[in-house]
Structure formats: structure tokens, C-alpha cells
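Per numbering that gives the first Met the number 0, the sequence shown starts with residue 0, numbered consecutively.
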Amino acid sequence: MFSRRQFVSGAGALTAAVAAASVSKVAMAALPEAVTQTRPDTMPPLIPSTGRHYNAAVTLNGWTLPWRMNAGVKEFHLVAEPVVREMAPGFKAHLWGYNGQSPGPTIEVVEGDRVRLFVTNRLPEHTSIHWHGQRLPNGMDGVGGLTQKTIAAGKTYVYEFVARRPGTFMYHPHADEMTQMAMGMMGFWITHPKTKHPLIDEVDRDFCFLLNAYDIDPGSYTPKIMTMLDFNLWSWNSRIFPGIDPLVVRKNDKVRIRIGNLTMTNHPMHLHGHEFLVTGTDGGPTPKSTRMYEVTTDVAVGQMRQIEFLADEEGDWAFHCHKSHHTMNAMGHDVPTMIGVDHREVVRQITRLVPDYMVMGERGMADMAEMEMPLPDNTIPMMTGAGPFGSVEMGGMFSVVKVRGEQKPGDYKDPGWYRHPAGTVAYEWTGPIAEPARFKAEGSQSMPLKQRAITDTEVKVRKPTGHSGH
0 MFSRRQFVSG AGALTAAVAA ASVSKVAMAA LPEAVTQTRP DTMPPLIPST
50 GRHYNAAVTL NGWTLPWRMN AGVKEFHLVA EPVVREMAPG FKAHLWGYNG
100 QSPGPTIEVV EGDRVRLFVT NRLPEHTSIH WHGQRLPNGM DGVGGLTQKT
150 IAAGKTYVYE FVARRPGTFM YHPHADEMTQ MAMGMMGFWI THPKTKHPLI
200 DEVDRDFCFL LNAYDIDPGS YTPKIMTMLD FNLWSWNSRI FPGIDPLVVR
250 KNDKVRIRIG NLTMTNHPMH LHGHEFLVTG TDGGPTPKST RMYEVTTDVA
300 VGQMRQIEFL ADEEGDWAFH CHKSHHTMNA MGHDVPTMIG VDHREVVRQI
350 TRLVPDYMVM GERGMADMAE MEMPLPDNTI PMMTGAGPFG SVEMGGMFSV
400 VKVRGEQKPG DYKDPGWYRH PAGTVAYEWT GPIAEPARFK AEGSQSMPLK
450 QRAITDTEVK VRKPTGHSGH
């Protein structure tokens, strides 16, 4: 069994599994301890002290669930329950999750392990758990009403199967799914190979996180569960930038990042400064003949993508979803485009009645990252985060891969901002601009218009107020 101190944080964080009212005292004594973690920090990898050894992964802003060995079976205890998740400093959400957090803890096993999972339900309604992507007996698949009875409030169910193939998987409810997943119920599962695998390389750093999304009105705490597309908080492991930790690596480390998508739309994940290979999906490792270098890969709904790269360029490299609205926080998606509109007279009149009134979007959205706008309680700015050169003007699904030559192996502590060598930072030019060389062959357009319009047409574009489909 693992040390309590390694997993406990906050008063009363560690709890025993006492909510399964239908379980006898004798059976309850046989349950593995229900370990709880409430801190939003990235916990160090859980090095196995029992069972087969493996190279442990690091869950971004999360942790790994400990287990016990019982007669050769690896036993875990998951508790489905309401949780309070700090999505960024100063902003907390009332979600549903597992063992104190949303997403729940990552489960790590080894190919061939027999796994027994006790699931206690402390929600106000029934639930179940589907082991997304696993090969297992049909009755363990976790689809309420189809393969099992749902787990009633206060009850504990047991799932047991063999981890038959290595790869990266997920777990989530298959009961009242729209409500429970919208409230944050999900988690990661990693099955490590038992022996050296021809398609799975060893890496120096192994990170994982889930893409998830919420619709939480500014100033409120609980997600709207009926939202289908119009989410306003795009998150990694229920954290939004600047609350997402950096991915800290050592120069020349081989790095693996496992990304699972349980939102309602796809996410093109983009890494700056490096090229990567897509080495795995939920179906398993990809054949080497299909791999090609990318800087962006799309992760569709319900999919997992595993990328690997050599971190051979020092610096602070942005890593983010390339959908621009997904790198923004709440409050901004319904702001109309006012670029080029002169508001001066209107503002003078409004401020006589509303002294704190501010124009939004007159010159673009970047001003909003630096304005001292009054915000409702439990809200953070739409674009935020202070970098070494000023506002980063990002939110949502955004973080930084920090590559450092002096970082020690296995050290995940944030090294601070990168110190750029002299002469390697873009700078303002104040000298004369040389006239470019011109050629006689230069012209205006490729060919003249056959018939010119009788009158000029001016197109006026207004950005839609919603962002459905993003």
C-alpha cells in the first residue's frame, strides 16, 4: 500500500469508503482505501512499489490513483462525488468528479494485470463507469441498462477484468451521460506494455490530460448541463489558462503527451518550436509506416491522440488548441465586432450615467487583457496571464512547454521564464526602411476585368454573436 502522505492534501482530504450503505461491515473492511486529492497542482509521477514496474506518467494538474495488491489482483477504489475544482486562481467551479477532483485520478496498470475496481456512488443520482476503449467482458463495459444495473446513490459496485492491451484509454459514466459528463465526470487510464513493444518507445517524460468544456455564467459556480455547443470555458483537466501548469522537460528529453477529448467538438492541438509524431490512438500504437511529422494534430470527439517529440530546442514554447475561441475564457464570445467604430460621443453620454462604463472591442480584443475591468465574483478575465514581456492575451486551452538544458532528469518544477541569449529576441526597428528593388515585369493584376461593376460595392461584416460549431 502507498503512503498516505503522498496523496493527502487539505484538512480531511483522505477519506475512508464509508458511504456504501449496502455493503456489510465485513465486506467494507475488505475495500481498498478511498484516497482523495483536492489540490489542483500537478502531482509527481507515482512510482510503483508493488506489482510490475513501469515508467510512470504525469497527469497535468492532476494525480495518479494508488492501489493495493490483493492475491495478485491490482485493486483500486473510485468514489463518484460532488467536488469543488479550482479552474484557475480566484475561480472555482462546483463539479462532479472522482476522489475529490474533476477529472478523476489517472489509473495506471500494466498489460496483463488483473484489475479490480470498487466504485462507490456519492452522487445524488445513479451512475455507472464505462472503460472507454478497453477489451473486457461485456458485463464489465459499464453501460447502464444495457450491460449492468446502474449504481444507485450510496451503493458500491465492483468491476473486474484483465488489462489486455497496452495503450491510453479513458473512463466516464454511461448513465445520465449528458448531465454527468457536463459536470466533469471523466478520467484517464494508461496501460503500460508488459515487455518491450516494437511500436512503443521508452520516453523520458510522459504527460497526459483530458480536453473538457463547461458553460458557466460569469459569477456563478455550476455548469449548465443542457448546453450542446455554446460552451464558454475550454479546459485541460478542468483547468483554464493561466491555471494550467507548464509541461517542464529537459533539453533532449524524448517527450510523450497523451491527449483525450471528451468535449463536444474537435480540437487541433498545436505545438510551437518542434515537430511531433502521432504514435498512438485509443485503438493502440500507430504503425510506424503511417507516422509523419506534424506541428498540429486534430483530436476529434471521443478520441485519444498520443504525440511524441524530441525536446531539442530550449525556450518557452506555446502549446494550445488552434481554434482561437478555445484560447479565451468566459465573457467574450458574445461581444460584437466594433473595430473602426468611433465611440467617443456615445461614451461621453453613457459615462454620465454609468461612471465605470468601458468600450469593448473598439480597436480589437487585446485591450481587454489589460483593462482593469470590474468582474463578478468567481470570475477571471477573458484573456489573461502575464508573461516576461507583458500580457500573453490567452485563456482556455493554452499552456507552455518549458525546455531547459539545466533541468535535472525527473525534475518537474517550474524553472521560471526562459533567459534568451543576447540577440535572439525580436526587437523594434527605428532606422530607415530601404526601398525594395522593383522590376519592369511587375504589374497590378493578372488580367483585366472583362466587365467592371457599374457602382462600387462596400461589404460590411459583423461577427455573429454566438460561436456555435467551434
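The beta-carbon is built from N, C-alpha and C at its ideal position, and this holds for glycine as well.
Inset, instruction - Mind reading off the beta-carbon distance from E307 to L276? Whole number of angstroms is fine, and I expect it under 8 Å. - result: Within the sequence shown, numbered from 1, the residue matching residue 307 stands at position 308. Within the sequence shown, numbered from 1, the residue matching residue 276 stands at position 277. Taking a contact as a CB-CB distance under 8 Å, the pair E307 and L276 counts as one, their CB atoms being some 5 Å apart.
Inset, instruction - Just mark E107 as buried or exposed, buried being the case when its beta carbon has 16 or more other beta carbons within 10 Å. - result: Your numbering for residue 107 matches position 108 in the sequence shown. In summary, E107 is buried, with 16 or more beta-carbon neighbours lying within 10 Å of its beta-carbon over all protein chains present.
Legend entry - Closest Cα partner of P104 within the set D40, P165, V72, G111: Working through the sequence shown from its first residue, we reach residue 104 at position 105. Comparing Cα-Cα distances from P104 to each of D40, P165, V72, G111, the minimum goes to D40.
Legend entry - Of the residues K250, F318, L116, the one placed nearest E32, counting alpha carbons only: Your numbering for residue 32 matches position 33 in the sequence shown. Answer by Cα proximity: L116.
Inset, instruction - Whole angstroms is fine: what's the gap from Q406's alpha carbon to T264's? - result: Position 407 of the sequence shown holds residue 406. Position 265 of the sequence shown holds residue 264. Cα to Cα, Q406 sits roughly 36 Å from T264.
Inset, instruction - Could you tell me the boundaries of the alpha helix (DSSP H) in which A329 lies? - result: The residue you call residue 329 lines up with position 330 of the sequence shown. Counting along the chain, A329 falls outside any alpha helix (DSSP H), and DSSP gives it neither H nor E.
Legend entry - P165 versus V399 - alpha carbon distance: Residue 165 sits at position 166 when you count from the first residue of the sequence shown. Residue 399 sits at position 400 when you count from the first residue of the sequence shown. Rounded to whole angstroms, P165 to V399 spans 28 Å at the Cα level.
Inset, instruction - Have a look at I258 and M291 and give me their C-alpha separation to the nearest angstrom. - result: For the purposes of this step, residue 258 is taken as the residue at position 259 of the sequence shown. For the purposes of this step, residue 291 is taken as the residue at position 292 of the sequence shown. Cα to Cα, I258 sits roughly 18 Å from M291.
Inset, instruction - Kindly indicate which three-state DSSP category T178 falls into: helix, strand or coil? - result: Residue 178 sits at position 179 when you count from the first residue of the sequence shown. It is helical.
Inset, instruction - State the Cα-Cα distance for the pair Y158 and N137, rounded to the nearest angstrom. - result: Within the sequence shown, the letter at position 159 stands for residue 158. Within the sequence shown, the letter at position 138 stands for residue 137. For Y158 and N137, the distance between alpha carbons rounds to 11 Å.
Inset, instruction - Just mark L145 as buried or exposed, buried being the case when its beta carbon has 16 or more other beta carbons within 10 Å. - result: By one-based count along the sequence shown, residue 145 stands at place 146. By the neighbour-count rule (16 or more Cβ atoms within 10 Å), L145 is not buried but exposed.
Legend entry - Separation of V114 from P43, as counted between CA atoms: The sequence position of residue 43 within the sequence shown is 44, counting from 1. The sequence position of residue 114 within the sequence shown is 115, counting from 1. If you take the alpha carbons of P43 and V114, they lie about 23 Å apart.
Inset, instruction - For K449, I'd like the list of residues in its chain whose CB is within less than 6 Å of its CB, leaving aside the five on either flank, ordered along the chain. - result: For this step, residue 449 is matched to residue 450 along the sequence shown. Nothing meets the Cβ criterion.
Legend entry - Inter-residue Cα distance where the pair is N120 and L94: Against the sequence shown, residue 120 aligns to sequence position 121. Against the sequence shown, residue 94 aligns to sequence position 95. Each residue's Cα considered, the two are about 15 Å apart.
Inset, instruction - State the CB to CB distance for the pair H173 and G143, rounded to an integer number of angstroms; the pair is presumed to be in contact (CB under 8 Å). - result: In the sequence shown, residue 173 corresponds to position 174, counting from 1. In the sequence shown, residue 143 corresponds to position 144, counting from 1. Beta-carbon to beta-carbon, H173 and G143 are separated by about 6 Å, close enough to satisfy the 8 Å threshold.
Legend entry - Exposed unless 16 or more other CB atoms sit within 10 angstroms - verdict on P65: Reading the sequence shown from its first residue, position 66 is the one you call residue 65. P65 is buried by the Cβ-count criterion.
Legend entry - Contact the region 46–56 vs the region 75–86: 3+ CB pairs below 8 Å: As far as the Cβ criterion goes, the region 46–56 does not touch the region 75–86, which means the pair count is below three.
Inset, instruction - Check whether the region 221–238 touches the region 147–155, counting contact only when three or more Cβ pairs, one atom from each stretch, lie closer than 8 Å. - result: As far as the Cβ criterion goes, the region 221–238 does not touch the region 147–155, which means the pair count is below three.
Legend entry - Per DSSP, cross-strand counterpart(s) of Y213: Along the sequence shown, one-based indexing puts residue 213 at 214. Residue pairing from DSSP places Y213 in a beta bridge opposite L232.
Inset, instruction - Specify the secondary structure class of G138 as computed by DSSP and reduced to three states. - result: In the sequence shown, counting from the first residue as 1, residue 138 sits at position 139. G138 falls in the helix class under three-state DSSP.
Legend entry - Sub-9 Å separation of L246 and R204 beta-carbons: Your numbering for residue 246 matches position 247 in the sequence shown. Your numbering for residue 204 matches position 205 in the sequence shown. The beta carbons of L246 and R204 sit closer together than 9 Å.
Legend entry - Span of the beta strand (DSSP E), counted from its first residue to its last, around W130: Residue mapping note: residue 130 aligns to position 131 of the sequence shown, counting from 1. That run of the beta strand (DSSP E) goes 129–131.
Inset, instruction - Kindly indicate which three-state DSSP category Q302 falls into: helix, strand or coil? - result: In the sequence shown, the residue the question calls residue 302 occupies position 303. Three-state DSSP puts Q302 in coil, outside helix and strand.
Inset, instruction - Compute the Euclidean distance between the alpha carbons of M268 and G111, then round it to the nearest angstrom. - result: Position 269 of the sequence shown, counted from the first residue, corresponds to residue 268. Position 112 of the sequence shown, counted from the first residue, corresponds to residue 111. Approximately 32 Å, taken between the alpha carbons.
Inset, instruction - Label D333 either buried or exposed according to how many other C-beta atoms from any shown protein chain fall within 10 Å of its C-beta, with 16 as the threshold for buried. - result: Within the sequence shown, the letter at position 334 stands for residue 333. Reliability of the predicted coordinates at D333 is poor, the pLDDT of 49 falling under 50, and no value is obtained from them.
Legend entry - Reduced DSSP secondary structure (H/G/I, E/B, other) of R204: By 1-based counting over the sequence shown, the position of residue 204 is 205. Collapsing the DSSP output to three states places R204 in a strand.
Inset, instruction - Return the first residue and the last residue of the beta strand (DSSP E) that S491 is part of. - result: In the structure as shown, the chain begins at 0 and stops at 469. Residue 491 is therefore absent and cannot be evaluated.
Inset, instruction - Take the Cβ of F90 as the centre, count every other Cβ of all protein chains shown within 10 Å, and call the residue buried at 16 or more, exposed below. - result: Residue mapping note: residue 90 aligns to position 91 of the sequence shown, counting from 1. The Cβ neighbour count for F90, taken over all protein chains shown within 10 Å, is at least 16; the residue is labelled buried.
Inset, instruction - Output the distance between the C-alpha atoms of I224 and Q179, rounded to the nearest integer angstrom. - result: What you label residue 224 is simply residue 225 of the sequence shown in a count that begins at 1. What you label residue 179 is simply residue 180 of the sequence shown in a count that begins at 1. Those two C-alpha atoms are separated by around 8 Å.
Legend entry - Alpha-carbon to alpha-carbon, F187 and I256: Here residue 256 corresponds to residue number 257 of the sequence shown, with the count starting at 1. Here residue 187 corresponds to residue number 188 of the sequence shown, with the count starting at 1. About 13 Å.
Inset, instruction - Spatial neighbours of G99 within its chain, please: CB distance less than 7 Å, with the 5 preceding and 5 following residues excluded, ordered by chain position. - result: Residue numbering aside, residue 99 sits at position 100 when the sequence shown is read from its first letter. The residues are A12, T35, Q36, T37, V82.
Inset, instruction - Could you spell out the range, first to last residue, of the beta strand (DSSP E) harbouring I150? - result: Here residue 150 refers to the residue found at position 151 when the sequence shown is read from its first residue. Careful: I150 lies outside any beta strand (DSSP E) and carries neither H nor E.
Legend entry - Sequence-distant residues of its chain with Cβ nearer than 8 Å to T63 (five each side left out): As a first step, residue 63 is located in the sequence shown; it is residue number 64 there, counting from the start. Sequence-distant Cβ neighbours of T63 in its own chain, meaning closer than 8 Å and more than five residues away, are M42, P44, L45, A55, A56, P104, T105, I106, E107.
Inset, instruction - Report the partner residues of E293 according to the DSSP bridge assignment. - result: Position 294 of the sequence shown, counting from 1, holds the residue named residue 293. When beta bridges are read from the DSSP output, E293 appears opposite F275.
Inset, instruction - Please state whether DSSP places S288 in a helix, a strand or coil. - result: The residue labelled residue 288 in the question sits at position 289 within the sequence shown. Judged by DSSP in its simplified three-state form, S288 adopts helix.
Inset, instruction - Out of G395, R437, E312, state which residue places its alpha-carbon closest to the alpha-carbon of T326. - result: Position 327 of the sequence shown, counting from 1, holds the residue named residue 326. It is G395 whose Cα lies nearest to the Cα of T326.
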